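Report on the following structure.
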Amino acid sequence: MPARIIDGRALAAALNAETAHRIEAGRFHPGLAVVLVGDDPASAIYVRNKDRAARAVGIEARTIRLPADTSETALLARIAALNADPVIDGILVQLPLPPQIRPQAVIEAIDPAKDVDGLSPVNAGRLFMGRPFLVPCTPLGVMKLLAAADVSVSGARALVIGRSNLVGRPLAALLTAADATVTVAHSRTRDLAAECRRAEILVAAAGRPELVRGDWIASEAVVIDVGIHRQKGGGLVGDVAFAEALPVAASITPVPGGVGPMTTACLLENTLTAALARRGHPGKG
Ligand code: NAP
Numbered sequence: 002m003p004a005r006i007i008d009g010r011a012l013a014a015a016l017n018a019e020t021a022h023r024i025e026a027g028r029f030h031p032g033l034a035v036v037l038v039g040d041d042p043a044s045a046i047y048v049r050n051k052d053r054a055a056r057a058v059g060i061e062a063r064t065i066r067l068p069a070d071t072s073e074t075a076l077l078a079r080i081a082a083l084n085a086d087p088v089i090d091g092i093l094v095q096l097p098l099p100p101q102i103r104p105q106a107v108i109e110a111i112d113p114a115k116d117v118d119g120l121s122p123v124n125a126g127r128l129f130m131g132r133p134f135l136v137p138c139t140p141l142g143v144m145k146l147l148a149a150a151d152v153s154v155s156g157a158r159a160l161v162i163g164r165s166n167l168v169g170r171p172l173a174a175l176l177t178a179a180d181a182t183v184t185v186a187h188s189r190t191r192d193l194a195a196e197c198r199r200a201e202i203l204v205a206a207a208g209r210p211e212l213v214r215g216d217w218i219a220s221e222a223v224v225i226d227v228g229i230h231r232q233k234g235g236g237l238v239g240d241v242a243f244a245e246a247l248p249v250a251a252s253i254t255p256v257p258g259g260v261g262p263m264t265t266a267c268l269l270e271n272t273l274t275a276a277l278a279r280r281g282h283p284g285k286g
């Protein structure tokens, strides 16, 4: 039997509807600033999509476009102004940044209370200490996909391929907190295929098109594909060879339509979480 497709679009629509409802009930509009430095076309599309999605749920989104030759000092000054701006609840700086700007310096400059990407040392530290506040959007989306697909995470052998601060590391922390037995694979992992074959939950976030082959996947495994790659013909593929995985896995996320929409939906939810916390609502942790 082919794998069940985990529909990220439907789940993201449901989460967005819930966020919109909570915003309406709260009778205020959270403010989100999205900062785009330079004119990378892919980043411009991501930013436009985030702006549109935010407005659709009642978030006041403001996109700040800065030229590609913006200095680090100038960007840090903009962030300091956004940190101090009372109408702004969430700040997101679109990565990658031009080479003259150190991403870590920028991430560390964002007020942790407004860090809706969850990448600042304070939010990363809270996650690793088991007291999460603003959690990185993609790993948060993966956990929600697993929950919606009724995957029992507790006690399961989970493999995360990738150890970036954006995806792999925080996801490993979330899976551990959910009582999975977690292995983290990376570019130095000796036998990735063997690690994959042991996994009951397999999350691919390596940034390598179709790295995970069908015969690496255990029958009845749950496969979450975080990768997203544009092919020459214009189509999109993930880090998993989808057609090979489909007859083997129990369930799988498609690319597109899996993790991607959930990342944006979780950004909007994080913006509401930040806005409520700034207004004194009891938060997490
Ligand atoms: P990244 O920073 O490049 O990290 C990639 C990780 O994968 C690294 O830890 C690297 O290991 C590991 N890796 C690379 N090649 C490998 C291999 N052959 N075998 C095993 N591990 C390998 O990437 P990222 O930001 O985490 O993103 C990963 C992918 O997810 C990308 O395709 C990105 O476009 C996608 N993404 C999608 C969304 C979404 O919303 N759908 C959001 C974020 C990212 P080392 O640490 O040893 O270098």
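Residue numbering for the sequence shown follows the numbering used here, starting at 2 and increasing by one per position.
Note that beta-carbon positions come from the ideal geometry of N, C-alpha and C, so glycine has one too.
In this text, all values refer to a predicted model and were calculated from it rather than measured experimentally.
query                                                                                                                                                                             : result
Quick check on DSSP: helix, strand or coil for D226?                                                                                                                              : strand
Does the ligand NAP have a heavy atom nearer than 7 Å to the CB of I80?                                                                                                           : no
Could you give the DSSP three-state label for T190: helix, strand or coil?                                                                                                        : coil
Assign M263 to one of two classes, buried (16 or more other C-beta atoms within 10 Å of its C-beta) or exposed (fewer than that).                                                 : buried
Would you call the CB atoms of S72 and Q101 closer than 8 Å?                                                                                                                      : yes
Check whether the Cβ of A200 lies closer than 7 Å to any heavy atom of the ligand NAP, and answer yes or no.                                                                      : no
Please classify E25: does DSSP put it in a helix, a strand, or coil?                                                                                                              : helix
Start and end of the beta strand (DSSP E) containing G119?                                                                                                                        : Note, G119: premise wrong, no beta strand (DSSP E); not H, not E.
Is R5 near A251, with beta carbons less than 8 Å apart?                                                                                                                           : yes
How would you label S121, buried or exposed, when you count the other beta carbons within 10 angstroms and need 16 or more for buried?                                            : buried
Does the stretch 182-195 come into contact with the stretch 112-132, if we say contact requires no fewer than three beta-carbon pairs (one atom in each stretch) closer than 8 Å? : no
Where does E61 sit, in a helix, a strand or coil, going by DSSP?                                                                                                                  : strand
Do V161 and V204 come within 8 Å of each other at the CB atom, strictly closer than that value?                                                                                   : yes
If you draw a straight line from the C-alpha of V241 to the C-alpha of A186, how long is it?                                                                                      : 15 Å
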